[in-house]
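S.K.: Just passing along the structure, written as structure tokens.
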Amino acid sequence: MKVKYIDKRHWRRLIDREYTEVKVNNNSSKGIIGLVHDEKVRDPLEVTVVGQNIIVADDNYKWLQILPEKKRYSITVMFDNKGNPLEYYFDINIKI
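With the first letter of the sequence shown counted as 1, position 1 gets the number 0 in numbering that gives the first Met the number 0; the numbers rise by one all the way through.
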């Protein structure tokens, strides 16, 4: 089974990062919300979305990841260095 860490600890692209995590446990939601601040990257990450190339990881970009407990999905929102959302990414998981 492939294991991924939301703090991007093994992501070789990152030279320096800051990670903040909040555990949510209230009447309507349980899970983890993590924010990775890419302070310094080795090379920008460019992806193609609907035929358009966009940079989703570069110096001072942020990735917000939402992992609801006992759900088969997670959500990642990538922000540029001005806080503008660039991409919303949904992962669908086979197993919980």
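Quick reminder that beta carbons are idealized off the backbone N, C-alpha and C, glycines included.
Would you kindly check if the distance between the Cβ of R11 and the Cβ of E38 is under 7 Å?
M.R.: Their beta carbons are not under 7 Å apart, which means E38 does not touch R11 by this criterion.
S.K.: To the nearest angstrom, report how far apart R41 and L13 are at their CA atoms.
M.R.: One C-alpha to the other measures close to 6 Å.
S.K.: If you measure between the beta carbons of V55 and V46, is that distance less than 7 Å?
M.R.: Yes; because the gap between Cβ atoms is below 7 Å, this pair is in contact.
S.K.: Is any non-hydrogen atom of the ligand ADP found closer than 6 Å to the C-beta of Q64, if you look at the structure I gave you?
M.R.: This structure lacks the ligand ADP, and indeed carries no ligand of any kind.
S.K.: For Q51, count neighbouring C-beta atoms within 10 Å of its own C-beta (all shown protein chains included) and say buried if the count is 16 or more, exposed if not.
M.R.: Its Cβ having fewer than 16 others within 10 Å, Q51 is exposed.
S.K.: The beta strand (DSSP E) with Y88 in it runs from where to where?
M.R.: Per DSSP, Y88 belongs to the beta strand (DSSP E) from P84 to I91.
S.K.: What beta strand (DSSP E) runs, 3 residues minimum, are completely inside the region 29-86?
M.R.: For the region 29-86, whole beta strand (DSSP E) runs of length 3 or above, ordered along the chain, are 29-40, 44-48, 51-56, 60-67 and 72-78.
S.K.: Identify, in the order they occur along the chain, each residue of the same chain with its Cβ nearer than 6 Å to the Cβ of N59, setting aside the five sequence neighbours on each side.
M.R.: If we look at N59 and ignore the five residues flanking it on each side, its Cβ neighbours are N80.
S.K.: Provide the residue span of the beta strand (DSSP E) that contains R11, from first to last.
M.R.: That residue, R11, is in no beta strand (DSSP E); it is neither H nor E in DSSP.
S.K.: Assign I5 to one of two classes, buried (16 or more other C-beta atoms within 10 Å of its C-beta) or exposed (fewer than that).
M.R.: Buried.
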